[in-house]
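Going line by line, the protein sequences match chains A and B.
The first sequence begins at 1 in our numbering and counts up by one.
The second sequence begins at 1001 in our numbering and counts up by one.
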Amino acid sequence: MKTVEFPIGDIHLVLDARKVAFWRAGETLFLADLHLGKITHFRKAGIPVPHAAALRNLEILDEVFRDYSPRHCCILGDLFHSRVNEEWLNFQSFCLMHHNTRFTLVTGNHDRHLLKSLAGDWPDWLNLTEEHRLDPFHLVHEPQKEQPGNGIPPVKQGAWYRLCGHIHPKVKLRGPGRQRLVMPCFHFSPTQGILPAFGQFTGGCYMDIQKGDRVFGLAEGELFSIGDSPSV
Amino acid sequence: MHPETSTGPALDWFRKSDWVPQSFQTATWEACLHGFSGLLSAPTGTGKTYALLIPFLLEALHANKEKAGCCLLWITPIRALAREIEISVQRALTGLGLDWKVGVRTGDTTQRIRRQQAKDQPQVLITTPESLQMLFTQAGYPDLLAGLQGVVVDEWHELLGSKRGVQMQLSLAHLKTMIPSLRIWGISATLGNLEEAAEVLFGGVVLPEKRKLITAALHKEIVIHTLLPDQVTTYPWAGHLGIRLADKLLPLLREGKSTLIFTNTRAQCEIWYRHLLEMLPELAGYLAMHHGSMSRELRDWVEAELHAGNLRAVVCTSSLDLGVDFRPVETVIQVGSPKGIARFLQRAGRSGHRPGALSEIYFLPTHALEMLEGAALREAVEAGDLEARLPPVRCFDVLIQYLVTRALGGGFEPRKLFREVLATFAFSSLSTTEWEWVLSFVSTGGHTLQAYPEFSRIVVEEGIWHVRDREVALRHRLQMGTITSDTMMQVKYVKGGYLGSIEEWFIRSLRPGEVFWFAGQALSLVRIREMTALVRKSRDTKGRIPSWQGGRLPLSSELGTHLRRQIYQLADRSPEASPELVALVPLVQIQERDSAIPREGQFLVETFQSREGFHMTCYPLEGRLVHEGLGALIAWRLSRNKPQSFSIAMNDYGIEWLSDQPIAVDEGVLQQLFSPEELGRHLEACLHAIALAGRRFRDIAAISGLLFRGYPGKPRKERHLQASGDLFFQVFQEYEPDNLLLQQAFGEAMEYQLEENRLRNALDRVARQEILLKRCARATPFAFPIMVDRLREKLSSERLEDRIRKMTAALEKSV
């Protein structure tokens, strides 16, 4: 499947195999961890990552915008990888071209380099925030630990649902013997959803799957549902 | 060179030391003095060092003028040996009264000594292949080497089959270009393909007419004793560690003054060490262990104690194989199959080093069928059959690293460098297109037509290619070399004290407080801090043994051939049969009753049914890797006739397919299944070529400088430049499918992981044999070891979706 309708209580999300999630009711597109500029950063340091891969990020995003025409685009952190470089200008052109869409960046750890580079000269077409409440979502960059008792009150069912990135989640499936499949995924627990890393040339981290989690793996341009427990 | 140089001073010195020069030594002196390059084949401890050192010293004596600068480069692949060689050289310098200095320059050499060497250059410089390449990155090195007369590459058999050997070839081509009169000599242990070893060493750098091949014809009698159980029927038929036979070792250990016990894996080394201590508590304090993941300090201590005669026995792995001019030990024991004849011989040669003395080695089989290996090894040694080492070629990762190295140390001119590179064996088939691809990879970042200004590695100034970026230079120097390792975690005591390293996945599988064994010590994990596991000693005697993924060599092709011959003899019941064959008679009787013993010209295939399902087995004896490929191939071919799912297991001896449905075969079907036709195409179809290539690519990415591991001591700086080999593999596949590094990965997967050539030869052989199909009532003694082997792989002819569905079902069950 290229897309999956995924309800979280009353909320309806469309998960797209291009590693974005669209919230119909709010006409809002969610994505995370683009790490723009990473490939150029490597190339500047003399590591020959293919240049074509750098351009692909925005090409894909362009297709996504054509399919969903979002009014609001929320980037859940790590928009840019390191110090600003040419790829920032490409992103700027992209955003100005889609002037009907409001862009919000929920800042992540990598974005501080971008902030430093653009100190004082922050563009007005990109809202900046550390965390954002967009009813019914609580938007942050880093996921929070789920265990009760760590000081953060758990999100009640039907209340705010946390959406985040940062982890670049991957799921590892084991078959009998030494068969293994590794793929990036969307990872939803009862209280928070972690988006896969959107950027080309981003690594990832394996995630455990607990009881009650819903996970959607991404392979060969398709989404695969992993886990048949009833929806969160 | 000075052909008129007298060998007199050397003969005098030998006489004074009560040594007799061997004929191979004088032959080498002659050849070298007459300006030849060459390859000397001589076993350890026979005086190979003096065979090659003396001629250069004699020339210096004869010339009798002050020679500043380096005259002789001695390359050794093992840092630990450098000191031994230095001592030998110093002894000769003193003995001959030559006013020369000898120095060592390896990764271990301190700054202070390096500065000393810079001020007062030693005439004989002992170094490693990596340190030589490092020298090429330093400005002004041609002046250092201007007076070089000779290069000696020691332990060439060790370098020959690896990428280090490829790097060495490049270095030699460069040195010869700089100094056309340079003499190049290699020293090798006995090899199966000495001519080829010479070809690889010299390539087009030294023409055949300027080479001499000299073999030290020293015959040592080797006696092989196989430790046999009292009763074969009670001996395990399947892979245990032979612990049951351990009591046969006791008399050897009790009486022995010094014993080496070789095991095949580090895990086995740990297990045997513990077990022997339990069986013979009086050995405590006199028994040590030695393997590659223990810290250098621990290993040095063991080696020193062994030298000094303070240890009665050491349990070790191939870590104690390499050619230290070791005091000989009295007894050598090999636990389990040595997997190869040359390795076995080398270990046997450790015992009884006195000239004319016997070399004795005890072989301890770890399961019943393995007893045959004792007889096979005996036969192989008598026939003089040894493994050939296969040299890698067209290693683009090594070439890329080399270009950056040359760009650092003064720069290069591409056309000149291309000619130099073409002269090596490894790159003699390099095409102009490929060379240009490599050039563009390091200069424009992968685009032959366009230059992207942001890419900065090598820049071109007036036709010379340089590295000008300081960061690029620093990172390159930190990462040079072709030895790559898995992610290892260091193991240290909380209170300090470094024990060694263990693969990361094992440490991460432990809970804090959990006990495991390492370096012969029970340890409990306290906590993990970055890439270090902090531990403390534990009194708990039960603990997990770590395992290391590397080092599982398959049975060699040559040993396999001899093993097959032993099997064919099993049914003979000849009165001249070896003790091993006699001991196996009870097992043979069962095999004959339930199945058959194949003869030469027959290929045995068995089928039987059990509670587990329907089984089919066969016994090519071609080693684990070939069996992996063959197992997948046959299963795939079977599934084409009728979709069927198989579980495949294999060991060095044979293959087993297990299915929940009957496996429909007869002699005709089997002939087709094992046919060599369309092998290449079918292999590609049935194997996860991408997964295999991906694994090979990790090393390739590291060697070609794509992976940055961070600055030592500053792990946080420049984390933004870190990416995994897998990530590069993915991105190249998608955006640069013609990338030569990718092709190298696929090629290496076919050759080293699958041993494609060996597989093809096996099928060619089977095609000439008669298929002997036996439908058996139950599992046979031949089948047993395979069945209990832990490697199982399920091959499915299902699609990706179905695979995922099945696996997630399994995953849910475990949650």
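No residue lacks a Cβ here, since even glycine has one placed at the ideal position from N, Cα and C.
Among the options, the one whose alpha carbon lies nearest that of residue i
i                         : options                                    : result
leucine 1098 (chain B)    : B:Glu1059, B:Arg1394, B:Val1494, B:Phe1136 : B:Glu1059
leucine 1160 (chain B)    : B:Ala1146, B:Leu1194, B:Gly1140            : B:Leu1194
serine 1295 (chain B)     : B:Gly1203, B:Gln1117, B:Met1480, B:Met1489 : B:Met1489
leucine 1052 (chain B)    : B:Gly1668, B:Glu1066, B:Glu1030, B:Glu1612 : B:Glu1030
isoleucine 11 (chain A)   : A:Ile75, A:Asp121, A:Pro190                : A:Pro190
glutamate 1382 (chain B)  : B:Val1421, B:Ile1341, B:Cys1071            : B:Ile1341
arginine 1378 (chain B)   : B:Arg1565, B:Lys1016, B:Tyr1752            : B:Arg1565
alanine 1375 (chain B)    : B:Leu1581, B:Ser1037, B:Gln1167            : B:Leu1581
valine 1665 (chain B)     : B:Ser1704, B:Ala1571, B:Leu1773            : B:Leu1773
asparagine 1739 (chain B) : B:Arg1552, B:Gly1446, B:Thr1094, B:Glu1462 : B:Gly1446
isoleucine 1333 (chain B) : B:Gln1231, B:Thr1259, B:Ile1634            : B:Thr1259
serine 1162 (chain B)     : B:Ala1783, B:Lys1176, B:Ala1388            : B:Ala1388
glycine 1648 (chain B)    : B:Ser1318, B:Ile1634, B:Glu1305            : It should be noted that the sequence gives isoleucine, not glycine, for residue 1648 (chain B). The shortest C-alpha separation from isoleucine 1648 (chain B) is found at B:Ile1634.
arginine 1527 (chain B)   : B:Val1515, B:Ala1519, B:Gly1520            : B:Val1515
leucine 1298 (chain B)    : B:Ser1017, B:Phe1036, B:Gln1521            : B:Gln1521
isoleucine 1261 (chain B) : B:Trp1301, B:Ala1198, B:Val1335, B:Glu1196 : B:Val1335
arginine 1552 (chain B)   : B:Thr1780, B:Gly1409, B:Asn1264            : B:Asn1264
Outcome for residue i when other beta-carbon atoms lying within 10 angstroms are tallied against a minimum of 16
i                         : result
cysteine 205 (chain A)    : exposed
leucine 1403 (chain B)    : buried
methionine 1616 (chain B) : buried
glutamine 1268 (chain B)  : buried
alanine 1055 (chain B)    : Per the sequence shown, residue 1055 (chain B) should be read as proline rather than alanine. When all chains shown are included, proline 1055 (chain B) counts as buried.
alanine 1139 (chain B)    : exposed
glutamine 1169 (chain B)  : buried
arginine 214 (chain A)    : buried
histidine 41 (chain A)    : buried
alanine 1380 (chain B)    : buried
threonine 1094 (chain B)  : exposed
aspartate 78 (chain A)    : buried
leucine 1795 (chain B)    : Confidence in leucine 1795 (chain B) is poor, its pLDDT being 33 and thus under 50, which makes the residue's placement unreliable; the coordinate value appears in the next sentence. So leucine 1795 (chain B) counts as buried.
Rounded straight-line distance, which links the Cα of residue j to that of residue i
i                         : j                           : result
asparagine 1651 (chain B) : threonine 1561 (chain B)    : 16 angstroms
arginine 1475 (chain B)   : tryptophan 1465 (chain B)   : 18 angstroms
tryptophan 1100 (chain B) : leucine 1061 (chain B)      : 10 angstroms
leucine 1191 (chain B)    : lysine 1642 (chain B)       : 47 angstroms
threonine 3 (chain A)     : proline 48 (chain A)        : 34 angstroms
methionine 1 (chain A)    : leucine 223 (chain A)       : 5 angstroms
aspartate 1325 (chain B)  : valine 1442 (chain B)       : Bear in mind that a pLDDT of 48 at aspartate 1325 (chain B), under 50, signals an unreliable position, so the number given afterwards is only what the model happens to contain. C-alpha separation (whole angstroms): 42 angstroms.
glycine 1103 (chain B)    : leucine 1072 (chain B)      : 11 angstroms
arginine 1164 (chain B)   : isoleucine 1703 (chain B)   : 11 angstroms
glutamate 1770 (chain B)  : valine 1393 (chain B)       : 37 angstroms
glycine 1384 (chain B)    : serine 1557 (chain B)       : 14 angstroms
glutamate 1158 (chain B)  : glutamate 59 (chain A)      : 50 angstroms
glutamate 130 (chain A)   : phenylalanine 137 (chain A) : 14 angstroms
tryptophan 1517 (chain B) : threonine 1317 (chain B)    : 16 angstroms
glycine 1292 (chain B)    : glycine 1047 (chain B)      : 27 angstroms
C-beta contact flag for residue i and residue j at 9 angstroms
i                            : j                            : result
leucine 1280 (chain B)       : leucine 1245 (chain B)       : no
arginine 1775 (chain B)      : threonine 1607 (chain B)     : yes
tryptophan 1074 (chain B)    : leucine 1125 (chain B)       : yes
tryptophan 87 (chain A)      : leucine 36 (chain A)         : Per the sequence shown, the amino acid found at residue 87 (chain A) is glutamate instead of tryptophan. Yes; because the gap between Cβ atoms is below 9 angstroms, this pair is in contact.
phenylalanine 1729 (chain B) : phenylalanine 1697 (chain B) : yes
tryptophan 1435 (chain B)    : valine 1421 (chain B)        : yes
leucine 1040 (chain B)       : threonine 1028 (chain B)     : yes
arginine 1105 (chain B)      : threonine 1137 (chain B)     : no
threonine 202 (chain A)      : leucine 1228 (chain B)       : no
Next item on the list: May I ask you to verify whether the region 1771-1790 of chain B touches the region 1605-1624 of chain B, counting CB pairs closer than 8 angstroms and requiring at least 3?
Entry: yes
Next item on the list: Evaluate the contact criterion for the region 1166-1184 of chain B versus the region 1139-1151 of chain B: three or more CB pairs, one atom per stretch, below 8 angstroms.
Entry: yes
Notebook entry, point to check: Is the region 165-174 of chain A in contact with the region 182-199 of chain A, if contact means three or more CB pairs nearer than 8 angstroms?
Noted result: yes
Notebook entry, point to check: For the 8 angstroms Cβ check, are there 3 or more pairs between the region 1359-1376 of chain B and the region 1388-1399 of chain B?
Noted result: no
Notebook entry, point to check: Would you call the region 1583-1594 of chain B and the region 1673-1682 of chain B touching, i.e. three or more CB-CB distances under 8 angstroms?
Noted result: no
Margin query: Check whether the region 69-76 of chain A and the region 1750-1761 of chain B touch, using three or more Cβ-Cβ pairs below 8 angstroms as the test.
Written below: no
Next item on the list: Could you tell me whether the region 1718-1725 of chain B touches the region 1684-1691 of chain B, using the rule of 3 or more Cβ pairs below 8 angstroms?
Entry: no
Check: Is the region 1567-1579 of chain B close to the region 1527-1542 of chain B, with three or more CB pairs under 8 angstroms?
Finding: no
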